[in-house]
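J.:
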Amino acid sequence: MDKIAELKALVETAEKEGAAFYEKNNKAAGTRLRNALQQIKVVASDLRKDVTEKKNAAK
602 MDKIAELKAL VETAEKEGAA FYEKNNKAAG TRLRNALQQI KVVASDLRKD VTEKKNAAK
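Just so you know, we're using the working numbering here: the sequence shown kicks off at 602 and counts up by one.
This is the structure in structure tokens:
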């Protein structure tokens, strides 16, 4: 469940930075948004692997 909480926090950060980038034209926020999106991708991938391992271990 820690990974899900981490994912939620990253999505909230991405939302905040996305608003700053698109609404206020803050270029630095665009960089932070791309970083947050990359971190989301990594955490989501790790979560997928964990779910697959637990599912297959039950067999």
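The C-beta atom is built at its ideal place from N, Cα and C for all residues, glycine as well.
The ligand ADP and A610: does any heavy atom of the ligand fall closer than 8 Å to the residue's C-beta?
T.: With respect to the ligand ADP, the structure offers nothing, as it holds no ligand at all.
J.: Would A620 be called buried (16 or more neighbouring beta carbons within 10 Å of its own) or exposed?
T.: Classification for A620: exposed.
J.: What is the DSSP secondary structure of A629, counted as helix, strand or coil?
T.: In this structure, A629 counts as helix in the three-state DSSP scheme.
J.: Going by Cα to Cα distance, which pick from T614, A658, M602 and R649 is closest to R635?
T.: Looking at the Cα atoms, T614 is the closest of the given residues.
J.: I need the straight-line Cα distance from V644 to L608, nearest angstrom please.
T.: Cα to Cα, the separation comes out at about 7 Å.
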